[in-house]
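*Asks:* Have a look at this one before I ask anything.
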Amino acid sequence: GPVFGLWWALAQLDSDRFQDEAREAIRAYLYASPGEQHPVAGPIRTHFLDTNPAAMEAVNDFYQMLFAEIDREWKDVLAARSQLAGDSAWPAALADPERERVRQALYGLDSPANIAPHDVEQISNAEIRQKIAARRAAVQEHMGSHPGRPDRAMALVDASTPYDPYVFLRGKEATRGEDVPRRFLSVLSPGPSVPYTNGSGRLELAKAIANERNPLTARVFVNRVWMHHFGQPLVETPSDFGYQGGKPTHPELLDYLAREFMEDGWSVKRLHKRIMLSSVYVQSSETRPEAQAVDPENKLLWRYQRRRLDFEAMRDSLLVAANNLDLTMGGLSFNIAAPLYPSRRTIYAEVDRQDLPDVFATFDFAAPTSHRARRFETMVPPQSLYLMNNEFVAEQARSLAAHSGETAGSNSEERIGWIYRRLLHRDPTEQELRLGETFIQEMAMTHSVEAAPPQEVSDWKYGVGVVDEATGRTISFTEFPYWSGEAYQGDDQWPDGEFGWAQLGMLGGQPGDVDHAVIRRWTSPVDSNISFIGELHHFSALGDGIRGYVVSSREGIIWSGDVQDGLIMTEFQNHPIRTGDTVDLVIASKGEAEEDRYRWHPRLYLSGPDSTQFPKQDWLTRFDFIGPQPSPPEPLDAWAQYAQVLLMSNEFIFVD
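Structure (structure tokens):
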């Protein structure tokens, strides 16, 4: 080409003989025979006619200088065009056609200077690639969690040119066997299996599975729907209809439901309606002695099987009882363990396959990492403890109690009756009324609101500030305003905001700019001597590294040191300390805070002759590190306690 052709010819020369061969190579390229004429852009031809570069670096320097000049000229043209918007006669190119040829090569889609994003990543070193990957992950997380993100759905799209798979001989990917056409399973086909021809064959496979000639699909489906309505399936092994699976308790019923399901066009809605309008569904759950004697397990369905609500229905029922359920459809999932206790339906709770919240496991939520045909049902103490002590349940009890007072007034009988109708959809018996009134009176007398016990004060604070080396003091300290669940930082949009990159976690963190060094501040609870030891790691070869300080409010800077892309020991021995003195463990950036991720979790310990008299002598920063401690929950008053008792009752928790 007219711009990079000569550069490429020179790049082929041996670097050791470059200056000796460059002159001849330039002349050969510029004055090629007519049949091999090489067009060369004017500025490049002019420069190299009278130049003999000593090395390829000199060639590169000229190209860099020329591209910078051309780029500035083009930007001047664009600026002039923007001021004369609407003037179609204004040129869309540089005035000098030879310099325009250079601009075209610089800005062209196929220009070597126009590197595709994936190529940029490929030619970068490992550290840059890691940073790109981290930022790409942050962008993806932001796109998935930001409230303003557009709604979107995942879609499965057929490949434009699907291919037939093949057998792996002895299961080895490298050992290829015969090709296998895309088709239905031969072993389940009554005749020869016909290969699929419509795209990948997924649609044809789906139609073969959900087909009247294959009643197994309908049987499996109606068995699972029946299980969800009655708490037990007709075939006790919902995922195994083979010889090793359970036999149906009602085979004719299973066949009938499967046939009707298919004849109804596989309508799930009609299947639900047919089951729920049946006499077996609407019968009582009361025990009949004569039936109990014949079928104690109720396999023949002589009564409705009393059953416990699963966790999602139970949590939603608590919210409904308290008039707090948010019925908004769709939207983002929520963290069910968050202290704000979202009131959305539990079906929208976030399920992390690798870190399932404890409350799910407590209430027999199916493990999301493997197949589960049905949920186990357990009755274990943590379930009762959750209903007794969890703040989410207490909050619903408070709401229910307050709502009852607003609606039914101060009369205890009317208020108890309102709560019964709200929770259990019936009036209380006379005995239940008396029990309720007695409970309210006793709780009002014996459970008066007590002052909350004093909270333990931590010896540590976490924030940002500035160390003045001239005075040896920390001249400013501001506590971090936001806790992410794992680290302290400026706000939820880290690294944006006032504190920038400043962040502090259990094992280390990252400083911000010059006004936002990261500080762990320890306040001494004793009079003694202290010592200190730890390793300070810095993880980037870019930038200028970091500087660490240990600053005593009594003595000033006790220790300081610099590190970049490595580690240093941080230690001192036997410095005096008095009750109320502070010691700041400070990490400050020396340049680019973006590159200053560090790890530092030192040990601070008492070392005076009388140190053994104190109950605590060691402060290990990683073990002492905790997030902000919530205020103790407000005790429940008598009516809220009564509401909580009924919310925990079997009659509320069970479907009867």
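Just add 9 to wherever you are in the sequence shown, counting from 1, and you've got our numbering.
Idealized CB from N, CA, C, for every residue including glycine.
How do the segment 598-611 and the segment 513-527 stand: do at least 3 beta-carbon pairs fall below 8 Å, yes or no?
*Replies:* Taking 8 Å as the limit for Cβ pairs, the verdict is that the segment 513-527 does touch the segment 598-611.
*Asks:* F57 and L115 look like a contact to me (Cβ under 8 Å); what is the Cβ gap, rounded to whole Å?
*Replies:* Their Cβ separation, rounded to whole angstroms, is 18 Å, which puts F57 and L115 out of contact at 8 Å.
*Asks:* Along the chain, where does the alpha helix (DSSP H) containing I425 start, and where does it finish?
*Replies:* Its alpha helix (DSSP H) spans residues S421 to L433.
*Asks:* Output the residue ranges of the alpha helix (DSSP H) runs that lie fully inside the segment 256-330 and measure 4 residues or longer, sorted by chain position.
*Replies:* If we require 4 residues or more, the alpha helix (DSSP H) runs fully inside the segment 256-330 come out as 260-272, 277-285, 298-303 and 320-330.
*Asks:* Which residue comes first and which comes last in the alpha helix (DSSP H) that contains T447?
*Replies:* Element bounds for T447: E439 to T455.
*Asks:* What are the boundary residues of the beta strand (DSSP E) that R228 is part of?
*Replies:* Run containing R228: none in the beta strand (DSSP E); it sits in the alpha helix (DSSP H), P224 to F239.
*Asks:* Could you tell me whether the Cβ atoms of S421 and E400 are closer together than 8 Å?
*Replies:* It is not a contact, given that the beta carbons lie outside the stated cut-off.
*Asks:* In the DSSP assignment, find the unbroken beta strand (DSSP E) run with T591 in it and report its ends.
*Replies:* From DSSP, the beta strand (DSSP E) with T591 extends over T591 to S598.
*Asks:* Let me know the secondary structure DSSP gives H155 once reduced to three states.
*Replies:* In the structure shown, H155 sits in coil (DSSP, three-state: anything other than H, G, I, E or B).
*Asks:* Buried or exposed, going by whether 16 or more other CB atoms sit within 10 Å of the CB of I586?
*Replies:* Answer is buried; the Cβ neighbour count reaches 16.
*Asks:* Could you please give the first and the last residue of the uninterrupted alpha helix (DSSP H) stretch that includes T579?
*Replies:* No alpha helix (DSSP H) holds T579; the beta strand (DSSP E) holding it covers G575 to I586.
*Asks:* With a 10 Å radius around its C-beta and 16 neighbouring C-beta atoms as the bar for buried, classify F632 as buried or exposed.
*Replies:* That one is exposed.
*Asks:* For Q363 and A370, I'd like the C-alpha separation in whole angstroms.
*Replies:* Cα to Cα, the separation comes out at about 13 Å.
*Asks:* Please say whether A37 and L6 have beta carbons closer to each other than 8 Å?
*Replies:* As displayed, the chain neither begins before 10 nor continues past 665, which places residue 6 out of reach and without an answer.
*Asks:* Based on the DSSP output, what are the partners of G514 in its beta bridges?
*Replies:* According to DSSP, G514 bridges with A496.
*Asks:* Can V360 and P377 be called in contact, C-beta distance under 8 Å?
*Replies:* Yes; because the gap between Cβ atoms is below 8 Å, this pair is in contact.
*Asks:* Quick one: measure Cβ to Cβ for Y175 and R191, integer angstroms, because I've assumed they're closer than 8 Å.
*Replies:* Incorrect: roughly 11 Å between the Cβ atoms, too far for contact.
*Asks:* Please name the residue, chosen from I596, A67, A649 and W492, that lies closest to P639 on a Cα-to-Cα basis.
*Replies:* For the residues I596, A67, A649 and W492, the minimum Cα distance to P639 belongs to W492.
*Asks:* Please give me, in chain order, every unbroken run of the beta strand (DSSP E) with length at least 3 that falls completely inside the segment 147-205.
*Replies:* Runs found: 175-177 and 185-188.
*Asks:* Please determine if the segment 333-348 and the segment 138-149 are in contact, where contact requires at least 3 C-beta pairs separated by less than 8 Å.
*Replies:* Contact fails: fewer than three Cβ-Cβ distances are below 8 Å.
*Asks:* Is G240 closer than 8 Å to T246 when the C-beta atoms are compared?
*Replies:* Taking 8 Å as the Cβ cut-off, T246 and G240 do not qualify as a contacting pair.
*Asks:* For T416, report the span of its alpha helix (DSSP H) as first-last.
*Replies:* Element bounds for T416: E400 to A417.
*Asks:* Taking only the alpha-carbon atoms, compute the straight-line gap between L349 and G494 and give it to the nearest angstrom.
*Replies:* The alpha-carbon atoms of L349 and G494 are separated by roughly 13 Å.
*Asks:* Per DSSP, what are the beta-bridge partners of Q253 in this structure?
*Replies:* Looking at the DSSP assignment, Q253 forms no beta bridge with any residue, so it has no partner.
*Asks:* Where do the N-terminal and C-terminal ends of the alpha helix (DSSP H) with Y116 fall, by residue?
*Replies:* Where Y116 is concerned, the enclosing alpha helix (DSSP H) stretches over P106 to Y116.
*Asks:* Taking only three categories from DSSP, how would you classify V458?
*Replies:* Confidence at V458 is low in this model, with a pLDDT of 48, below 50, so its placement is unreliable and no value can be given for it.
*Asks:* With DSSP as the reference, label S658 as helix, strand or coil.
*Replies:* DSSP places S658 in coil when its eight states are reduced to three.
*Asks:* Take G514 as the anchor and find which of E507, A31 and I528 has the nearest alpha-carbon.
*Replies:* Taking only the C-alpha atoms, the option nearest G514 is I528.
*Asks:* Give a yes or no on whether the C-beta atoms belonging to L3 and P611 are separated by under 8 Å.
*Replies:* Outside the modelled stretch of the chain, which goes from 10 to 665, sits residue 3, for which no answer is possible.
*Asks:* Helix, strand or coil: which one does DSSP assign to R606?
*Replies:* Reduced to three states, the DSSP call for R606 is coil.
*Asks:* When the Cα of I542 is compared with those of G14, A142, D167 and L615, which residue comes out closest?
*Replies:* Ranking G14, A142, D167 and L615 by Cα distance to I542 puts L615 first.
*Asks:* Out of F343, S408 and F320, which one is the CA nearest neighbour of V368?
*Replies:* The shortest C-alpha separation from V368 is found at F320.
*Asks:* Checking the sheet assignment: what are the DSSP bridge partners for I542?
*Replies:* DSSP lists E580 and R612 as partners of I542.
*Asks:* Measure the alpha-carbon distance for N398 versus S209 and round it to whole angstroms.
*Replies:* Cα to Cα, the separation comes out at about 54 Å.
*Asks:* Going by beta carbon distance, what residues of the same chain come within less than 6 Å of R424, once the five residues before and after it are set aside?
*Replies:* Excluding residues within five positions, the ones whose Cβ falls inside 6 Å are S413 and A417.
*Asks:* Going by DSSP, name the residue or residues bridged to F343.
*Replies:* Note: F343 sits in a beta bridge opposite A358.
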